[in-house]
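Residue numbers (the working numbering), protein chains in the order written: chain A, 4 to 336; chain B, 4 to 336; chain C, 657 to 868; chain D, 657 to 868.
Ideal placement from N, C-alpha and C gives every residue a C-beta, glycine not left out.
Just so it is clear, the structure is predicted and the values come from calculations on it, not from any experiment.
What follows is a short report on a single structure.
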Ligand SMILES: Nc1ncnc2c1ncn2[C@@H]1O[C@H](COP(=O)(O)OP(=O)(O)O)[C@@H](O)[C@H]1O
Ligand SMILES: Nc1ncnc2c1ncn2[C@@H]1O[C@H](COP(=O)(O)OP(=O)(O)O)[C@@H](O)[C@H]1O
Ligand SMILES: [Mg+2]
Ligand SMILES: [Mg+2]
Ligand SMILES: [Mg+2]
Ligand SMILES: [Mg+2]
């Protein structure tokens with residue numbers, strides 16, 4: 004295992020110390036339990052946004068704490084959902100009296116821990132609305148299963164809802180908006196290589212020199228299908244087609260296209276992916292009105308990409324364009 | 004070789020097509036010869052900044068084209084300096100009558116091609132000032148050699164000079180400033196893994212599972228020394244010590260600390276590196292007044308990091324903070 | 657036979673060391689159909705529990721089990737944290753105020769465990785989860801008592817049923833938890849959570865009855 | 657013997673095919689002490705030159721060589737582009753207006769080649785560059801002529817000197833170009849640019865004299 008780390012057990016703590024040292028103007032980090040809050044928390048009268056999940060997906064979520072996005076993030080161990088005590092402390096630290104939205108990715112662990120936290124927070128008189136993101140079309144949806152995973156749409160929901168909260172929209176409005184983003188977003192990802200969980204020390208799965216995994220999640224879990232390595236055009240087709248056909252997006256729709264790197268894939272490849280996606284959507288008459296290209300929701304050093312499409316309307320577009328100032332995403336401020 | 008590409012020969016062209024499709028609001032891409040100019044070029048009365056170099060270092064340089072940074076970038080083949088015809092066309096396209104600064108990284112190829120281009124441009128009546136960046140302390144400096152390579156300081160110089168040009172500083176002022184940034188910047192890098200040039204198809208160098216290269220450049224060229232894998236604290240010490248002792252930075256100095264990822268290293272590791280760097284500089288009484296953490300000058304999918312320190316003064320700090328709006332770096336706009 | 661407070665502590669310690677010994681094994685099972693951390697998570701949690709046990713006073717079994725639950729909730733994370741946390745919290749509620757356990761108390765504790773895990777995770781038997789080990793274990797314990805079996809014998813039959821339940825997960829397609837994302841690819845692998853739940857019941861039988 | 661325009665074209669074509677055959681070899685040499693692209697760069701450039709040759713009219717050797725130089729400048733990039741570009745541009749200037757080359761013309765062309773490369777790259781003999789092949793080749797050609805050797809003989813002695821010069825780069829520590837960043841680690845490897853320069857002189861000797 005080759006990583007720029009000290010001891011495997013200290014990875015999360017030291018990365019958080021680095022965040023604290025790097026961005027005192029934007030955020031504060033608390034240790035034991037671990038959570039990150041924006042520097043000016045709590046913002047009185049503003050709905051607060053709290054998210055969290057396993058570490059290893061940076062910049063998500065800690066890198067999205069700041070003006071116009073999250074009020075707090077709860078980082079778990081690598082790929083392991085955080086615990087309710089982190090969430091409850093974070094929730095209390097950012098509550099500005101207007102209620103708190105928990106943005107939860109649909110993983111059994113995340114959902115259950117956030118549920119326990121919300122129960123405790125409500126017990127302490129804080130209004131909490133939880134919204135679960137489940138946008139991964141690689142997973143068959145069913146009433147009888149855990150449903151779809153939450154992936155790329157989470158980043159977009161955090162940005163858009165952060166802007167709405169900044170506008171002093173109400174708890175119900177922000178939660179409703181978050182559900183609307185989720186309903187209009189779809190994602191699918193693939194891996195060229197596995198990643199290595201520091202505490203494990205070996206790759207989570209083994210891929211041959213000519214193999215790829217299609218339909219992966221963000222925790223190094225294997226995907227739905229192993230295939231032969233293929234040109235970018237074919238890979239984009241395999242990811243974007245199920246995404247487009249799931250919603251379904253229609254001719255004339257405006258979308259935000261998010262081409263995400265899994266952590267080990269450089270920008271030059273992401274632009275080749277974007278180029279293919281742009282052609283594919285153009286052929287279907289779908290217009291990319293906004294885009295985001297980069298590594299924003301990662302799986303440690305995994306090489307690969309995920310594609311997220313979000314159907315836009317005027318409000319979503321306006322909120323996307325609103326200023327944001329976080330370590331991981333910044334414009335207009 | 005596992006990459007998100009189509010044919011190896013089409014990598015640069017297709018990534019440029021992706022850039023053009025993604026950022027029409029910020030830039031325009033010309034093909035044959037290849038160059039990228041900001042959408043509103045030429046800006047009348049403003050000194051224009053042109054840079055360029057081999058591809059494979061994205062977002063540098065094309066991702067830094069836009070308001071507050073570069074006016075044009077000339078992307079060569081992967082790791083191969085661009086040709087004079089690209090530079091001369093780019094120079095003509097962005098000249099707004101106030102002259103053009105060529106920001107050149109100190110590689111024999113880049114220097115000679117930019118020299119030829121500057122001769123041709125001057126022949127056509129355009130005022131050109133070339134500034135060579137040579138900040139890599141891994142290379143022993145000498146009058147009798149090609150001197151030091153240009154690496155991380157290039158990114159900082161492009162940002163700071165872009166801001167000065169935006170303020171309508173003169174050609175001589177911007178060129179002088181660029182030299183000042185270069186004189187005050189020092190870098191050193193290391194690799195955990197090699198990268199693979201698409202046209203070659205195999206790793207440029209072979210590293211064992213427990214080996215690292217210290218003192219690498221940004222073209223997959225081997226470094227000055229091969230070592231055993233070590234904890235992040237030791238690696239940062241090996242990179243930062245020669246950097247700090249070269250200038251030399253002194254107690255009380257304010258610096259911009261730039262922790263760069265080589266392309267395959269995720270943010271979580273860069274923050275661990277930053278944490279170590281922060282401690283090391285604190286011990287020496289050097290204050291990090293600004294920082295930049297991310298993969299901005301890369302070597303394809305290489306895993307590794309480089310550290311750049313720039314000694315700041317009030318003017319450099321003000322220009323660093325000025326608004327910038329490019330695909331790769333954006334704030335305040 | 658009754659199980660005094662000290663032996664409940666003994667069981668928890670034994671479970672912790674079984675989890676530590678099987679840390680790699682559980683993680684390996686989780687790598688095949690999950691994210692390869694179940695052993696790491698449970699071991700971190702049980703180590704935290706051992707730390708908490710040291711400072712613990714009194715002989716209230718219910719309080720002890722609640723402390724175990726709270727500690728797991730705040731140290732494990734993932735799915736395992738809330739599930740095992742709730743399991744122990746509910747066991748603690750069912751045994752509140754007891755300083756030793758009669759067979760009927762343990763039956764109530766197992767009821768609480770199953771109800772708690774199902775309230776949290778909404779899994780049914782056959783979904784390829786902990787529930788596939790826990791439900792047969794609870795049922796076997798109750799029916800052993802109804803058959804007139806001794807506490808020790810009932811514990812052993814309960815552990816045997818958990819083992820069968822654990823094995824029954826192998827051919828199943830997961831419908832809950834992370835393994836469900838794999839769809840058909842999840843079949844042919846033993847569920848890590850059902851495996852750790854079997855260990856929980858097996859260590860109870862071993863510690864309290866000397867059998868297995 | 658004189659070398660008519662058509663044979664100069666033949667030389668360029670022969671050099672292009674030698675470079676194509678040795679694309680991997682040159683790249684491999686460059687991987688050891690550079691960035692592993694010299695073969696790729698030169699091959700791309702010479703393929704572009706072949707494309708340009710097709711449309712070329714007239715019999716001006718100087719014009720031909722200048723076209724080769726301009727094409728290399730705008731298609732090779734890296735260090736090789738300006739260096740080989742300038743080499744051919746200066747050869748073209750030295751042979752402007754000639755429809756065939758006398759020995760003295762080729763001597764002048766070699767002078768131009770060396771001067772051009774040194775003007776651009778500022779390397780001296782011993783810096784581990786193209787210059788280590790080119791300077792001995794130029795000197796050997798002139799002294800062969802002074803010794804009364806035939807054009808063919810002088811070409812062969814020139815190519816032989818280039819080969820020795822190429823080999824002489826092996827133990828050297830590079831002082832120019834990318835290899836210089838390696839410091840002492842650059843010793844023990846043959847310089848890729850000196851190797852392609854040797855090929856340039858060798859193909860001239862082979863195409864024009866039948867020898868090597
Ligand atoms: N909804 C559920 N109900 C009961 N048990 C579940 C449920 N979801 C997951 N599990 C159990 O949790 C185990 C995985 O735990 P663990 O690996 O610690 O958490 P995570 O999946 O978050 O990494 C599975 O093997 C399964 O037995
Ligand atoms: N200053 C110089 N003068 C002469 N030749 C040089 C100089 N610098 C480099 N070279 C030659 O260029 C060769 C490398 O060319 P190439 O690989 O095409 O370019 P790059 O180094 O830009 O990748 C070296 O082997 C060397 O012979
Ligand atoms: Mg997990
Ligand atoms: Mg090169
Ligand atoms: Mg797991
Ligand atoms: Mg080279």
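Just how far apart, CA to CA, sit residue i and residue j?
| i | j | result |
| --- | --- | --- |
| residue 841 of chain D | residue 689 of chain D | 8 Å |
| residue 277 of chain A | residue 720 of chain D | 43 Å |
| residue 811 of chain D | residue 865 of chain D | 7 Å |
| residue 334 of chain A | residue 70 of chain B | 13 Å |
| residue 658 of chain D | residue 757 of chain D | 6 Å |
| residue 15 of chain A | residue 243 of chain A | 33 Å |
| residue 825 of chain C | residue 667 of chain C | 25 Å |
| residue 358 of chain B | residue 262 of chain A | Missing from the structure shown is residue 358 of chain B; chain B here goes from 4 to 336 and no further. |
| residue 867 of chain D | residue 861 of chain D | Here the model assigns residue 867 of chain D a pLDDT of 44, short of 50, so the residue's position is not dependable, and the following value carries that caveat. About 6 Å. |
| residue 11 of chain B | residue 775 of chain C | 54 Å |
| residue 38 of chain B | residue 162 of chain B | 19 Å |
| residue 255 of chain B | residue 126 of chain A | 50 Å |
| residue 723 of chain C | residue 745 of chain C | 8 Å |
| residue 857 of chain C | residue 796 of chain C | 12 Å |
| residue 32 of chain A | residue 328 of chain B | 29 Å |
Alpha carbons only, please: which of the options is nearest the one belonging to residue i?
| i | options | result |
| --- | --- | --- |
| residue 8 of chain A | A/110, A/204 and A/218 | A/204 |
| residue 292 of chain B | B/260, B/282, B/286 and B/27 | B/260 |
| residue 240 of chain A | A/317, A/143 and A/310 | A/310 |
| residue 58 of chain A | B/331, B/275 and B/271 | B/271 |
| residue 199 of chain B | B/262, B/106, B/191 and B/208 | B/208 |
| residue 859 of chain D | D/701, D/815 and D/781 | D/815 |
| residue 142 of chain A | A/54, A/35, A/257 and A/246 | A/246 |
| residue 778 of chain D | D/685, D/660, D/714 and D/833 | D/833 |
| residue 145 of chain A | C/831, C/701, C/704 and C/676 | C/831 |
| residue 782 of chain D | D/737, D/822 and D/705 | D/822 |
| residue 62 of chain B | A/268, A/281, A/195 and A/279 | A/268 |
| residue 56 of chain B | B/40, B/128, B/114 and B/159 | B/114 |
| residue 716 of chain C | C/846, C/695 and C/665 | C/665 |
| residue 616 of chain C | C/856, C/848, C/703 and C/854 | In the structure displayed, chain C extends from 657 to 868; residue 616 of chain C sits before or after that span and is not available. |
| residue 800 of chain D | D/753, D/725, D/738 and D/817 | D/817 |
Is the separation between the beta-carbon of residue i and that of residue j shorter than 8 Å?
| i | j | result |
| --- | --- | --- |
| residue 189 of chain B | residue 134 of chain B | no |
| residue 732 of chain D | residue 678 of chain D | no |
| residue 793 of chain C | residue 766 of chain C | yes |
| residue 82 of chain A | residue 693 of chain C | yes |
| residue 788 of chain D | residue 835 of chain D | no |
| residue 661 of chain C | residue 806 of chain C | no |
Compute the minimum distance between the beta carbon of residue i and the heavy atoms of ligand 5, and state whether it is under 7 Å.
| i | result |
| --- | --- |
| residue 152 of chain A | no |
| residue 686 of chain C | yes |
Any chance the CB of residue i is under 7 Å from a heavy atom of ligand 3?
| i | result |
| --- | --- |
| residue 82 of chain A | yes |
| residue 691 of chain C | yes |
Please find out if some non-hydrogen atom of ligand 4 comes closer than 7 Å to the beta-carbon of residue i.
| i | result |
| --- | --- |
| residue 112 of chain B | yes |
| residue 734 of chain D | yes |
Is any non-hydrogen atom of ligand 2 found closer than 7 Å to the C-beta of residue i, if you look at the structure I gave you?
| i | result |
| --- | --- |
| residue 694 of chain D | yes |
| residue 699 of chain D | no |
Quiz item: Does the pairing of the segment 20-31 of chain B with the segment 312-326 of chain A give three or more beta-carbon distances under 8 Å?
Solution: no
Practice problem: Report yes or no: do three or more beta-carbon pairs, one from the segment 117-127 of chain B and one from the segment 86-101 of chain B, lie closer than 8 Å? | Solution: yes
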